[in-house]
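*Asks:* Numbering (my numbering), first residue to last: 1406 to 1652. Backbone N, C-alpha and C fix where the C-beta goes; we use that ideal spot for every residue, glycine too.
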């Protein structure tokens, strides 16, 4: 843990900023506002695509950057796109076939929207721009088998956002890499960043930040990598971390 003053706070959403009912508590909202009034930038860094986080981000009045789809997209404060990184269609085809073979639940984020089993997955994959592919698998053996196969593909970055899922982005795309780019834009260093998260897609940003905070409800690997463990997402863990390290 560095002793540098924090200038940027990057928050995961699900299981972190959001309570289990997908709301942000009044206390957390108040704490974020106080941090911003102190001149600290606060941003969301999420696995969600823009359409599924925009309303919450705007309600928090965050005058900063926004990282979506695990780092596949970076937006400025006015939601102008700064950068976008796609997964090659051949890898989407590989993952789609894996989902079919093992009969798992799956979804994928494209520039146009989110696709899954119930939305009739596109037959012509090359007509879309693919940002992320995900599996949700209750069976541990099947999940581990798929994860191992995907981990051997050097063109893919494999993480998760819950104990039962697998999330896949293009290689090198993760929240930490995206935050480094935001740091360059803000002319600050990663030592001046505090990150808060709960899942493996938060692991890189928690390891690389000056202060990496794991939620009380975080996966064990995330807790082990963190500088500090806060309360759960139901107990204002984000607000408590901000009060400890920033306010």
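Residues in its own chain within less than 6 Å of residue 1434 by CB, not counting five upstream and five downstream?
*Replies:* Along the chain shown, one-based indexing puts residue 1434 at 29. There are no such residues.
*Asks:* What's the gap between the Cα of residue 1485 and the Cα of residue 1616?
*Replies:* Position 80 of the chain shown, counted from the start, is the residue given in the question as residue 1485. Position 211 of the chain shown, counted from the start, is the residue given in the question as residue 1616. Whole-angstrom Cα-Cα distance: 28 Å.
*Asks:* CB-CB under 6 Å to residue 1653, same chain, minus the five flanking residues each way: which ones, in chain order?
*Replies:* Summary: the structure shown does not reach residue 1653, with the chain confined to residues 1406 through 1652, and so no result is reported for it.
*Asks:* Using DSSP with H/G/I as helix, E/B as strand and the rest coil, what is residue 1498?
*Replies:* Your numbering for residue 1498 matches position 93 in the chain shown. Residue 1498 falls in the helix class under three-state DSSP.
*Asks:* In this structure, how does DSSP classify residue 1537 when only helix, strand and coil are distinguished?
*Replies:* Against the chain shown, residue 1537 aligns to sequence position 132. Residue state, collapsed to three classes: strand.
*Asks:* Only counting the same chain, and skipping five residues up and downstream in sequence, which positions put a Cβ closer than 6 Å to that of residue 1500?
*Replies:* As a first step, residue 1500 is located in the chain shown; it is residue number 95 there, counting from the start. Correct list, in chain order: 1538.
*Asks:* Measure the C-alpha to C-alpha separation of residue 1470 and residue 1611 and round it to an integer number of angstroms.
*Replies:* Residue numbering aside, residue 1470 sits at position 65 when the chain shown is read from its first letter. Residue numbering aside, residue 1611 sits at position 206 when the chain shown is read from its first letter. Their backbone Cα atoms lie some 18 Å apart in a straight line.
*Asks:* Flag this pair as yes or no: are the beta carbons of residue 1534 and residue 1517 separated by less than 9 Å?
*Replies:* Against the chain shown, residue 1534 aligns to sequence position 129. Against the chain shown, residue 1517 aligns to sequence position 112. Yes, the Cβ-Cβ distance between residue 1534 and residue 1517 is below 9 Å.
*Asks:* Quick one: grab the DSSP three-state call for residue 1439.
*Replies:* Looking up residue 1439 in the chain shown gives position 34. It is helical.
*Asks:* What does the Cβ neighbour count give for residue 1467, buried or exposed, with the cut at 16 atoms within 10 Å?
*Replies:* One-based indexing of the chain shown puts residue 1467 at position 62. The residue in question, residue 1467, is buried, as its Cβ has 16 or more Cβ neighbours within 10 Å.
*Asks:* Please report the straight-line C-alpha distance between residue 1437 and residue 1423, rounded to a whole angstrom.
*Replies:* For the purposes of this step, residue 1437 is identified with residue 32 of the chain shown, where counting begins at 1. For the purposes of this step, residue 1423 is identified with residue 18 of the chain shown, where counting begins at 1. Cα-Cα distance, rounded: 13 Å.
*Asks:* Which residues does DSSP pair with residue 1571 in a beta bridge?
*Replies:* Walking along the chain shown from the start, residue 1571 turns up at place 166. In the DSSP output, where bridge partners are listed per residue, residue 1571 has 1540.
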